[in-house]
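Novice:
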Amino acid sequence: MITLALSKGRILEDTLPMLKAMGVEPAGDIGRLLRVPTTEPDLQLVIIRPADVPTYVAYGAADIGVTGKDVLMEHGGEGLYEPLDLKIAGCRLSVAQVRDAPALPPHHRLRVATKYPAITQAHFAQRDMQVEMIKLYGSMELAPLVGLADVIVDLVDTGNTLKANGLIETEIITHITARMVVNKAAMKTKHAAIKHWLARFAEAVEARA
Ligand code: ATP
Ligand code: PRP
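Under the working numbering, residue 211 is the last one in the sequence shown; the count climbs by one each step, no gaps.
1. Any heavy atom of ligand 2 closer than 7 angstroms to the Cβ of serine 141?
2. Please determine whether the Cβ atom of glycine 161 lies at a distance below 7 angstroms from any heavy atom of ligand 1.
3. Ordered along the chain, which non-local residues of its own chain (more than five positions away) have a Cβ less than 8 angstroms from that of leucine 106?
4. Could you give the residue range of the beta strand (DSSP E) that holds asparagine 167?
5. Could you check what DSSP says for valine 133 in three-state terms: helix, strand or coil?
6. Are lysine 22 and threonine 179 close, meaning C-beta to C-beta below 8 angstroms?
7. In whole angstroms, what separates the C-alpha of lysine 137 from that of phenylalanine 203?
8. Please confirm whether any heavy atom of ligand 2 lies closer than 7 angstroms to the CB of aspartate 16.
9. Under 7 angstroms from any heavy atom of ligand 1, does the C-beta of alanine 9 make it?
10. State the DSSP-derived secondary structure class of histidine 177, mapped to helix, strand or coil.
11. Heavy atom of ligand 1 less than 7 angstroms from the Cβ of arginine 51, yes or no?
12. By a C-beta neighbour count over all protein chains shown, 10 Å radius and 16 as the cutoff for buried, is arginine 34 buried or exposed?
13. Just to check, is the beta-carbon of glycine 92 closer than 7 angstroms to a non-hydrogen atom of ligand 1?
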């Protein structure tokens with residue numbers, strides 16, 4: 003049995019059509035069940051929060067998983083192989099601020115609100131900038147509007163959320179897509195089965211392209 007970790011929301015929305023193209027469908031109520039059998043007897047799904055996918059796979063509670071590159075970079079990727087870019091759930095991780103924000107005084111320590119403190123710290127450290135990090139769990143766009151932060155680091159796709167809140171993207175940190183991750187031990191102990199599923203996903207990626 004191979005256990006595939008997926009998360010509700012964009013990852014599930016984009017992965018289910020891929021599975022369907024591979025001839026695989028959930029065989030249970032995907033909205034309610036957390037462990038869902040599929041039409042393939044040797045494949046089951048577990049449905050978890052996006053940020054938990056690397057943890058489930060690294061501990062071997064799931065053999066393989068689909069997660070955003072943003073989540074992987076923030077997690078660090080220890081205990082995981084990342085063999086395949088699925089080229090779905092595309093977006094970018096960017097720095098944004100209020101449009102026409104006044105210049106900051108010299109030596110001001112930039113306050114950054116984000117769900118991604120590790121990536122953000124590394125990004126500003128590369129620029130020799132020590133920043134004050136404010137960890138948030140969502141609705142980052144609000145932080146500069148209410149004086150909680152000078153800038154945010156958040157995901158941008160269409161840019162509509164930034165625009166609607168009067169913010170502008172000032173820098174792209176990295177482009178993001180969803181990746182297939184594999185538990186390192188399972189890659190050895192379940193080698194044939196995992197290779198089989200990786201090949202099927204790779205074919206589906208090619209077919210979409
Ligand atoms: P949670 O509910 O745990 O806060 P979330 O809101 O981050 O999770 P999703 O919005 O479904 O969950 O995002 C899952 C992944 O999809 C992200 O990690 C990212 O890789 C990608 N993603 C997020 N926002 C967008 C977007 N606007 N457009 C495209 N892909 C996105
Ligand atoms: C994501 C992201 C941005 C928005 C960007 O939020 O955090 O707010 O999408 O997309 P856009 O550029 O197409 O407008 P999401 O909808 O996941 O909400 P959340 O961060 O509050 O969970």
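Backbone N, C-alpha and C fix where the C-beta goes; we use that ideal spot for every residue, glycine too. As the structure is a computational prediction, the values presented were derived from the model and not from experiment.
Specialist: To lay it out plainly:
1. yes
2. no
3. Leu112, Asp152
4. It is not in any beta strand (DSSP E) - asparagine 167 carries neither H nor E in the DSSP assignment.
5. coil
6. no
7. 34 angstroms
8. no
9. Residue identity check: residue 9 is serine in the sequence provided, not alanine. Under cutoff, so the answer is yes.
10. strand
11. yes
12. exposed
13. yes
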